[in-house]
Amino acid sequence: MAELTKEVINSMEELINRVQSVISSRVITENGQIAEIHVLADTSRNAKQIARDVQSVLMAEFKVDVNYKIISVAQVETSGRYYNDERIAFTNLTFANNGVNLEATVALTKGSEMYEGVYKGVNTERNKNRIIVNATLECVSKILPDDHNLILEDVDIYSFAKKRIAIVAVTHATPQGEELLVGSSIVKKDEGEALVKATLDALNRRVISTVDN
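Take the sequence shown: its position 135, counted from the start at 1, is 219 in this note's numbering, and no numbers get skipped.
Set out below in structure tokens:
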């Protein structure tokens, strides 16, 4: 068995996260041994089967024989949207406007880390929305692995149920394929903030399942 360095633990968690139904995982060590494995999964499969699969992949990949008793599987319904404490959160949005061009700077936090994304474009009423979303995507891209790409497909603000709703559609492209992600947010005071939050609504769960928490 390989020494349980931080890199090895991260690799184990990444492997566990690829097990069917698993949303995220945490491997805890004590005195150089695996003491606990905590798994968060959806309800599409039996918890015991998920635990057995975790045992199997760790044995196959790392030659680690884990006692099933140290694997705890918590299951959540995923018909709604799941977010944990490490979700990406909106912090700030600022603009630099020289008349012709508009530059948006978006600040986001994930856990204790802060990230900043900047995007500049021609300053028109409709393009302003795209600039804000692209600045948000630039920011989120700093959190994702290099082979994950985010492409803005569409953005608009609609009137619905006597409210104004920001809606954003983003393609998430990786070497494994691509998927369209859609998010929304009610415009309360500021359209720009709603656009950022709609973008995060589209991306947060995917980012959580991709990035180590």
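From the three backbone atoms N, C-alpha and C, an ideal C-beta is built for every residue, glycine too. None of the values given here were measured: they were computed from a predicted structure.
Simplified DSSP assignment, three categories, for residue i
| i | result |
| --- | --- |
| K247 | strand |
| L88 | coil |
| S268 | strand |
| G195 | coil |
| L284 | helix |
| G276 | helix |
| I172 | strand |
| S128 | coil |
| V217 | helix |
| Q133 | helix |
| I227 | coil |
| V291 | helix |
| Y167 | Low confidence applies here, because Y167 scores a pLDDT of 44, under 50, leaving its location unreliable and the question unanswered by this model. |
| V103 | coil |
| V157 | strand |
| N94 | helix |
| N211 | helix |
| V150 | coil |
7 Å Cβ shell around residue i - same chain, five flanking residues per side excluded
| i | result |
| --- | --- |
| R290 | H256, L265 |
| K212 | L186 |
| C223 | V190, L192, Y199, E200, G201 |
| S225 | L234 |
| P259 | D231 |
| Q159 | A125, D126, T127, A131 |
| N218 | Y203, L236 |
| E145 | L99 |
Proximity of residue i and residue j at Cβ, strictly below 9 Å
| i | j | result |
| --- | --- | --- |
| F174 | E275 | no |
| V150 | I121 | yes |
| A191 | Y203 | no |
| T298 | L279 | Outside the shown range of the chain, which is 85 to 297, sits residue 298, and nothing can be said about it. |
| A253 | L236 | yes |
| I112 | V106 | no |
| L88 | I118 | yes |
| I172 | K194 | yes |
| I155 | V138 | yes |
Neighbourhood of residue i by C-beta, 6 Å cutoff - its chain only, sequence neighbours within 5 removed
| i | result |
| --- | --- |
| E98 | none |
| G164 | Because G164 sits at a pLDDT of 44, beneath the cut-off of 50, its placement in the model cannot be relied upon, and the point is left open. |
| A286 | V252, V254, L265, V266, G267 |
| E263 | H256 |
| R110 | H122 |
| R210 | none |
Residues bridged to residue i [DSSP beta-bridge criterion]
| i | result |
| --- | --- |
| S109 | V123 |
| A144 | Partner(s): none; A144 has no beta bridge. |
| V252 | V239, G267 |
| Y203 | A188 |
| Q117 | E114 |
| L30 | Here the chain covers residues 85 to 297 and nothing more, so residue 30 does not appear. |
| T178 | T189 |
| G261 | T258 |
Residues near residue i in its chain [Cβ-Cβ closer than 8 Å; skip 5 each side]
| i | result |
| --- | --- |
| M143 | D149, V150 |
| V184 | V206, N207 |
| R136 | Y152 |
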